[in-house]
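According to my numbering, the sequence shown is numbered sequentially starting from 2. Here is the structure we will look at, set down as structure tokens.
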Amino acid sequence: MRHQSRLKLFIMPIRYGSPLPLRERDRVRGCSAVSQSVRPSPQPSPVLREREKNREGFTQERGAALVTVLLAVTLLTVVVVEFTYSAQVDHHLTYNALKALQATCLARSGVNLAMLALKKDTQNSGIDSLGDDWARALPPLPAGEGVVLVRVSDEQSKLNLNALRNTSGTINGRWREVAARLFALRDLDPGLLDPLLDWLDGDDFPEPRGAEQTHYLSLTPPYTPRNGPLLTLGELGLIEGFTPAIRARLDEVITVLPNNNSKINVNTAPLEVLAALFPSVDQGTLERFFRSRVETPAHGPNDLRERLGFDPRAPVDALNLADVRSEFFAIHALATVAPISQGLTVIVQRRAAAVTPIYWHPASLLSVSEGTT
Ligand SMILES: [Ca+2]
Ligand SMILES: [Ca+2]
Numbered sequence: 002m003r004h005q006s007r008l009k010l011f012i013m014p015i016r017y018g019s020p021l022p023l024r025e026r027d028r029v030r031g032c033s034a035v036s037q038s039v040r041p042s043p044q045p046s047p048v049l050r051e052r053e054k055n056r057e058g059f060t061q062e063r064g065a066a067l068v069t070v071l072l073a074v075t076l077l078t079v080v081v082v083e084f085t086y087s088a089q090v091d092h093h094l095t096y097n098a099l100k101a102l103q104a105t106c107l108a109r110s111g112v113n114l115a116m117l118a119l120k121k122d123t124q125n126s127g128i129d130s131l132g133d134d135w136a137r138a139l140p141p142l143p144a145g146e147g148v149v150l151v152r153v154s155d156e157q158s159k160l161n162l163n164a165l166r167n168t169s170g171t172i173n174g175r176w177r178e179v180a181a182r183l184f185a186l187r188d189l190d191p192g193l194l195d196p197l198l199d200w201l202d203g204d205d206f207p208e209p210r211g212a213e214q215t216h217y218l219s220l221t222p223p224y225t226p227r228n229g230p231l232l233t234l235g236e237l238g239l240i241e242g243f244t245p246a247i248r249a250r251l252d253e254v255i256t257v258l259p260n261n262n263s264k265i266n267v268n269t270a271p272l273e274v275l276a277a278l279f280p281s282v283d284q285g286t287l288e289r290f291f292r293s294r295v296e297t298p299a300h301g302p303n304d305l306r307e308r309l310g311f312d313p314r315a316p317v318d319a320l321n322l323a324d325v326r327s328e329f330f331a332i333h334a335l336a337t338v339a340p341i342s343q344g345l346t347v348i349v350q351r352r353a354a355a356v357t358p359i360y361w362h363p364a365s366l367l368s369v370s371e372g373t374t
């Protein structure tokens, strides 16, 4: 019986269709794998080789297509990024242009407001002084999205360079002396006046240290002197010797006006201009007048003569170059519509109750701030 049961157990695993125990089945599979590995591999048929070759070719084509797609995606990404950047730049440019236009319009509105103040001032008194409404420093005025700062200054508080030239084209000796004293007070060589006078006068004969057409035609590039009234203060840069540094030192005491008969307003002129105009008046008297004129401006030639200590009956030539009212003013406007600021300076002429702009130019922020002090 024991032998029969052992034989039965031995026979059972090899019976067809009967399940093998797991351990036995793995052993049989292992033997089969070993037997397969040691079995010599048969030579692939030509059909299999062709199929294998096709499969490799297909794999290579798929790789090339993937690279192409990646390149296309990269290029599209670059184009989209560039387009987005350009769109943003265009947006900022348009935004800034709009704000600049708004700021310019606001600055022009500020100029119109100052012109109205100058027009109304004619109804108040017959004199112009630093105590007038137009001369007051107003706070910045809000308007819509922006703010505008407006200041008015008296152009006749300065020496008008065109007054050095008579209408006939000759040089005015009295104004020449005033200019020479003013240059000296500013620590500038009065010899600088010579090329300026040659630029203004109608002849072609140079002053001792001057320069006429022959000199300017020898420059690179060559140009000819005006031989007439200056059109702008910037024209000084064309005149021999007037470097930017020298022009900067004269900036607060000289101007260019179309009228060569304009006088200096003693109620608004800087102390140096008064000293150049009245060299015979001692410094103490001039300073007392300078300090008192805001509260008590000079009302006319006789009042000025008395306050400066002149003899009531003695002729004083300098009094003929002085005035107590003004015809020319400069309006400085600085408008800001964030983030853009625009500056504007306008020279206006006031006749009776009419105020007319005669010269507009964009002003740098620096020049506007200077005009506001
Ligand atoms: Ca000349
Ligand atoms: Ca000359």
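Cβ coordinates follow ideal geometry from the N, Cα and C atoms, glycine included.
Less than 7 Å between C-beta atoms, sequence neighbours within five positions excluded: which residues of the same chain meet that for residue i?
| i | result |
| --- | --- |
| Leu234 | Thr256 and Val257 |
| His362 | Thr346 |
| Ala34 | The pLDDT assigned to Ala34 is 46, lower than 50, so where the model puts this residue is not dependable; a value taken from the coordinates is nonetheless given after this. Result list for Ala34: empty, nothing under 7 Å. |
| Gly147 | Gln103, Ala104, Leu107, Ala336, Thr337 and Val338 |
| Gly301 | Val325 |
| Gln350 | Glu328, Phe329, Thr357 and Ile359 |
| Tyr86 | none |
I'd like to confirm something about residue i: is its beta-carbon nearer than 7 Å to some heavy atom of ligand 2, or not?
| i | result |
| --- | --- |
| Glu213 | yes |
| Asp202 | yes |
| Phe206 | yes |
| Asp199 | yes |
Please list the terminal residues of the continuous beta strand (DSSP E) segment that includes residue i.
| i | result |
| --- | --- |
| Ser110 | From DSSP, Ser110 is part of no beta strand (DSSP E) but of the alpha helix (DSSP H) over Pro47 to Asp122. |
| Trp361 | Ala355 to Pro363 |
| Val347 | Ile341 to Arg352 |
| Gly147 | Gly147 to Asp155 |
| Val338 | Phe329 to Val338 |
Ends of the alpha helix (DSSP H) at residue i?
| i | result |
| --- | --- |
| Asp304 | Pro302 to Arg308 |
| Ala179 | Going by the sequence as given, residue 179 is Val instead of Ala. It spans Gly174 to Leu186 - the alpha helix (DSSP H) in which Val179 sits, taken as one unbroken run. |
| Ala246 | Pro245 to Leu251 |
| Pro143 | Pro143 -> not in any alpha helix (DSSP H); beta strand (DSSP E) instead, spanning Leu142 to Ala144. |
| Phe279 | Run containing Phe279: none; DSSP gives neither H nor E here. |
| Gln44 | No alpha helix (DSSP H) holds Gln44; DSSP gives it neither H nor E. |
| Tyr217 | Gln214 to Leu218 |
| Trp200 | Leu194 to Leu201 |
| Leu287 | Gln284 to Ser293 |
How about residue i and residue j: are their beta carbons less than 8 Å apart?
| i | j | result |
| --- | --- | --- |
| Ala115 | Val149 | no |
| Val151 | Gly111 | yes |
| Lys264 | Asp324 | yes |
| Gly310 | Val282 | yes |
| Asn321 | Ile128 | no |
| Ala319 | Leu278 | yes |
| Glu241 | Ala212 | yes |
| Asn266 | Thr168 | no |
| Leu183 | Val317 | no |
| Leu189 | Arg289 | no |
| Val254 | Arg177 | no |
| Pro298 | Arg306 | no |
| Asp134 | Ala118 | yes |
| Gly344 | Ala364 | yes |
Say the cut is 7 Å; is the CB of residue i nearer than that to a heavy atom of ligand 3?
| i | result |
| --- | --- |
| Pro209 | With respect to small molecules bound, the structure shown includes ligand 1 and ligand 2 and not ligand 3. |
Short of 6 Å in beta carbon distance, which residues of its chain neighbour residue i, apart from the five on each side in sequence? Order them along the chain.
| i | result |
| --- | --- |
| Arg210 | Gly192 and Asp195 |
| Ala354 | Lys120 and Thr123 |
| Trp200 | Pro226, Arg227 and Ile240 |
| Pro141 | Val148 and Leu150 |
Ordered along the chain, which non-local residues of its own chain (more than five positions away) have a Cβ less than 8 Å from that of residue i?
| i | result |
| --- | --- |
| Thr225 | Gln214, Tyr217 and Leu218 |
| Glu156 | Thr256, Leu258, Ser327, Phe329, Phe330, Ala331 and Ile348 |
I'd like to confirm something about residue i: is its beta-carbon nearer than 7 Å to some heavy atom of ligand 1, or not?
| i | result |
| --- | --- |
| Asn228 | yes |
| Asp195 | no |
Residue i and residue j look like a contact to me (Cβ under 8 Å); what is the Cβ gap, rounded to whole Å?
| i | j | result |
| --- | --- | --- |
| Ala138 | Ala336 | The Cβ separation is near 17 Å, so there is no contact. |
| Asn228 | Asp202 | 7 Å |
| Ile359 | Ala101 | About 25 Å; that fails the 8 Å criterion. |
| Leu165 | Ala180 | 6 Å |
| Asn163 | Leu239 | Actually they are not in contact, since the Cβ atoms of Asn163 and Leu239 sit about 15 Å apart, beyond 8 Å. |
| Ser1 | Arg294 | This structure gives no information on residue 1, because the portion of the chain shown stretches from 2 to 374. |
| Gly170 | Glu296 | With a Cβ gap of about 43 Å, Gly170 and Glu296 do not count as contacting. |
| Leu198 | Glu208 | 6 Å |
| Ala276 | Leu287 | 6 Å |
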